[in-house]
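K.L.:
The structure under discussion is supplied below as structure tokens; questions concerning it will follow.
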Ligand SMILES: Cc1cc2nc3c(=O)[nH]c(=O)nc-3n(C[C@H](O)[C@H](O)[C@H](O)COP(=O)(O)OP(=O)(O)OC[C@H]3O[C@@H](n4cnc5c(N)ncnc54)[C@H](O)[C@@H]3O)c2cc1C
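Residue numbers (this note's numbering): -4 to 798.
Laid out in structure tokens, this is it:
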């Protein structure tokens, strides 16, 4: 084994082999893969090898498309067959809701260039005669589905990488990793050591153990997974290969395996494997079968596909593979560790392995993944993902693998975990809570305890009238919202303002003022949106998206000077309450000594105040677009502040409102939100953030490409639509049509209760951004007329915020 390499990739499963290949393809040749046993010795060797392009996250779906197209390339380079069978696939719907879900998936696929088709039960049965029609309502056909040979794919990646200059060492286990002061690593193995500039953890089933070598606990857990292969079936003899099929309601997947069928299940009673640590002596082993556990699924399978029952079971496979709490991979650099990368938690290695390798190699070589991979960025998780949390969430995710997730559905596992001091108070007011980063926050308030439950639906739900009442209370009197679930950062030091000015696209505001700002990457794309609140000359309170806290800190730390600035995340130290609506000033004025008139405390002011006995920071700003205030206090004061505002609010018509109403109101104002309108695939001018980009203030990260985008106008434009919707509103990811063609996609949608019509925000090509007619938005398979609005639906001049 060589003693030095630019990169050591730990793990020769399908993911490590893909990373290795992509690194050579990106031009890094001095790369070494170290494998404990033979290649494929983790979960890869016993995989069923199925692959498909459909994924709930369109950006992950794109990487899945890429993976499947890649197989031809690695076969050509390596001469190794990947055993690709593109049979086409059917997703079978057993209920109306599932058919709606498939229609939405098909619609999403439309703007991703996927050729999906909704077909009737009769058409499905012609394509897949094994099914018993009476159990189904319809299906979606995907021509690009099939399966591969796991051994062939892994070796094709590995050989292609070797041809590109990579080395592979087998039967060598990495036992420790030691960081050097210059950011490089000593990779300690049982056959000598390697000095590497970068290390990639592609340890699959052992990724947790490799993480522990560098002091991190990755949120992944292996689950046992079983599939069976039937005996040869006369129904298949002499016929073309059967399609892949997913029977969602039966929670099973099927494909042909030689003369029989392979049938796998994600059973409700899924069982974690080795929950605390993975034994090193686990090799190409299988786990004991547990037919009893999958008996309910088998029963449904035999009813839905009767020919299987008489075919008999030839073989059962039970093997473990790993999941993150949301079922998406964990990819990227780890905050706080230099040159340490992960590519693990990949539960669909044969659909996703190529995309993971591509994104990670670009990230390592170019400093940026080159695509929007937020959905699989390891930095989407934070401190709350303890071992037990991960265990609860992974089990839930596994058992729901084939379940529909409704847009208003909150999942119950691992809850409540994190709460703020007013949690019980809000509960007593019949709050329906959502979970965000493990933190409970109120979504809406029901009139009684009995009604405090979301009836899950793709259409307007039981919450609709109550959310409407909350919006109207904000519009007509005053509303109170808990805003603790934001990320907050305390930035201080003599170099703080200069540093922040370089990090952010807008000018740092004067002391006592607030400024909104996008944050851009080197390519001038959006990687964050923040509220900068200047407390003092050398002190800024920064508010942004909580889910991206680790993601932001990783970026901040990468650009941190040696001295002069400190950045401290303080999300849970400062919890908040917001007042919004025309009576908010009178309410707050009764509790503070400061003069709140617009002359003394205008829009976008920020100041330390005493609210009754409570010390806090007050900003005059509201995401609802009304006259409003955000009040930040340390956690110990939140309950007192809440009681004070509630009591004083009585005479001003104060009503609680939640996250759903806030979302509807910010859409009425055309205000974007991180991970929806603002993502690294959009530039700030495309996103309509022109007024928050100050090209004259001096240099900042992403300035040059942003200036170019301003000059060219950018390719896309964020637009607000009034939608002729009936009983269902857009939620995001629906296609936007223009003159009969799909031209863009929705990023958010909701019913605007203050304006009394349905709304959607979405991106269209710049050339169409001024088109006055011809738009339609597809909601659950139906196209609805959409009128482009020239500005925000609610108070487009912004007068109300400034009164
Ligand atoms: C029964 C079953 C059916 C499946 N069906 C499908 C399917 O149809 N389609 C699909 O896409 N996916 C399927 N999967 C999932 C698929 O197997 C995984 O997504 C994939 O194998 C993950 O690959 P990996 O490279 O991340 O991990 P692994 O395959 O676990 O590879 C990790 C490798 O790292 C090595 N390693 C770990 N630590 C060290 C160390 N310290 N030193 C040296 N080497 C080390 C291990 O020996 C191992 O070879 C299935 C899985 C199972 C169990």
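Beta carbons: idealized from backbone N, C-alpha and C, even for Gly.
Between the alpha carbons of residue 399 and residue 392, how many angstroms are there, rounded?
P.N.:
11 Å
K.L.:
From this set, 256, 51, 95 and 17, which residue's C-alpha is nearest residue 65's C-alpha?
P.N.:
Nearest of 256, 51, 95 and 17 to residue 65, Cα basis: 17.
K.L.:
Using CA atoms only, rank isn't needed, just tell me which of 408, 27 and 282 is closest to residue 6.
P.N.:
Residue 27 is the option with its Cα nearest to residue 6.
K.L.:
Take residue 726 as the anchor and find which of 316, 672, 511 and 535 has the nearest alpha-carbon.
P.N.:
672
K.L.:
Would a C-beta distance cut-off of 9 Å place residue 265 and residue 225 closer than the cut-off?
P.N.:
no
K.L.:
Nearest by alpha-carbon distance to residue 187: which of 198, 179, 171 and 201 is it?
P.N.:
Answer by Cα proximity: 171.
K.L.:
Tell me residue 612's beta-bridge partners as DSSP assigns them.
P.N.:
603 and 627
K.L.:
Among 367, 519 and 125, which one has its Cα closest to the Cα of residue 703?
P.N.:
519
K.L.:
Would you kindly work out how many angstroms separate the C-alpha atoms of residue 767 and residue 739, rounded to a whole number?
P.N.:
15 Å
K.L.:
Curious, which full-length beta strand (DSSP E) runs of at least 3 residues does the segment 413 to 448 contain?
P.N.:
426 to 431 and 434 to 440
K.L.:
Less than 6 Å between C-beta atoms, sequence neighbours within five positions excluded: which residues of the same chain meet that for residue 479?
P.N.:
415, 570 and 571
K.L.:
Between residue 30 and ligand 1, is the CB less than 8 Å from at least one heavy atom?
P.N.:
True, at least one ligand heavy atom lies under 8 Å from that Cβ.
K.L.:
Report back the beta-carbon spacing between residue 501 and residue 515 to the nearest angstrom; my notes put them in contact at under 8 Å.
P.N.:
Rounded to the nearest angstrom, the Cβ distance from residue 501 to residue 515 is 11 Å, too far for a contact under 8 Å.
K.L.:
Give the straight-line distance between the Cα atoms of residue 481 and residue 178, rounded to the nearest whole angstrom.
P.N.:
32 Å
K.L.:
Let me confirm a value: residue 608 is counted as buried when at least 16 other C-beta atoms fall within 10 Å, else exposed. Which label applies?
P.N.:
Flag for residue 608 reads exposed.
K.L.:
Let's test the definition: count the other Cβ atoms within 10 Å of the Cβ of residue 483 and tell me whether it reaches 16, buried, or not, exposed.
P.N.:
buried
K.L.:
Count the CB pairs spanning the segment 665 to 682 and the segment 365 to 375 that are closer than 8 Å, and state whether there are at least three.
P.N.:
yes
K.L.:
State the DSSP-derived secondary structure class of residue 766, mapped to helix, strand or coil.
P.N.:
Assigned with DSSP and collapsed to three states, residue 766 falls in coil, not helix or strand.
K.L.:
How big is the Cα-Cα spacing for residue 442 and residue 115?
P.N.:
The straight-line gap separating the alpha-carbon atoms of residue 442 and residue 115 is approximately 42 Å.
K.L.:
If you count every other CB in all the chains shown that lies within 10 Å of the CB of residue 647, and 16 or more means buried, which is it?
P.N.:
buried
K.L.:
Scan the segment 113 to 160 and note each continuous beta strand (DSSP E) run of 3 residues or more that stays entirely inside, going in chain order.
P.N.:
Entirely contained in the segment 113 to 160, the beta strand (DSSP E) runs reaching 3 residues are, in chain order, 133 to 137.
K.L.:
Which stretch, first to last residue, makes up the beta strand (DSSP E) that contains residue 258?
P.N.:
255 to 260
K.L.:
With hydrogens ignored, establish whether the beta-carbon of residue 616 is closer than 8 Å to any heavy atom of ligand 1.
P.N.:
no
K.L.:
Hey, is residue 5 close to ligand 1, as in C-beta under 8 Å from one of its heavy atoms?
P.N.:
yes
K.L.:
May I ask which residues mark the beginning and end of the beta strand (DSSP E) holding residue 740?
P.N.:
Where residue 740 is concerned, the enclosing beta strand (DSSP E) stretches over 736 to 747.
K.L.:
Would you kindly report the start and end of the unbroken beta strand (DSSP E) that includes residue 309?
P.N.:
Counting along the chain, the beta strand (DSSP E) containing residue 309 begins and ends at 308 to 318.
K.L.:
Quick one: give me the first and last residue of the beta strand (DSSP E) that residue 709 is part of.
P.N.:
It is not in any beta strand (DSSP E) - residue 709 carries neither H nor E in the DSSP assignment.
K.L.:
State buried or exposed for residue 279, treating a residue as buried only when at least 16 other CB atoms are found within 10 Å of its CB.
P.N.:
Its Cβ having fewer than 16 others within 10 Å, residue 279 is exposed.
K.L.:
For the alpha helix (DSSP H) containing residue 110, list its first residue and its last residue.
P.N.:
Boundaries for residue 110: no alpha helix (DSSP H) harbours it, and the DSSP string shows neither H nor E there.
K.L.:
What separation, rounded to the nearest whole angstrom, lies between the Cα atoms of residue 196 and residue 4?
P.N.:
Distance from the CA of residue 196 to the CA of residue 4, rounded to the nearest whole angstrom, comes to 6 Å.
K.L.:
Which residue wins for smallest C-alpha separation from residue 395, given the options 244, 540 and 327?
P.N.:
In this structure, 244 is the residue among 244, 540 and 327 with its C-alpha nearest to the C-alpha of residue 395.
K.L.:
In whole angstroms, what separates the C-alpha of residue 135 from that of residue 145?
P.N.:
26 Å
K.L.:
Contact defined as beta carbons within less than 8 Å: I believe residue 568 pairs with residue 629. What is the distance between those atoms, to the nearest angstrom?
P.N.:
Contact between residue 568 and residue 629 holds, since their C-beta atoms are separated by about 6 Å, short of 8 Å.
K.L.:
Quick check: the segment 70 to 81 against the segment 382 to 391, are there 3 or more CB pairs under 8 Å?
P.N.:
no
K.L.:
From 15, 615, 20 and 242, pick the residue whose C-alpha is nearest to that of residue 132; which is it?
P.N.:
242
K.L.:
Would you tell me roughly how many angstroms separate the C-alpha atoms of residue 437 and residue 420, rounded to the nearest one?
P.N.:
11 Å
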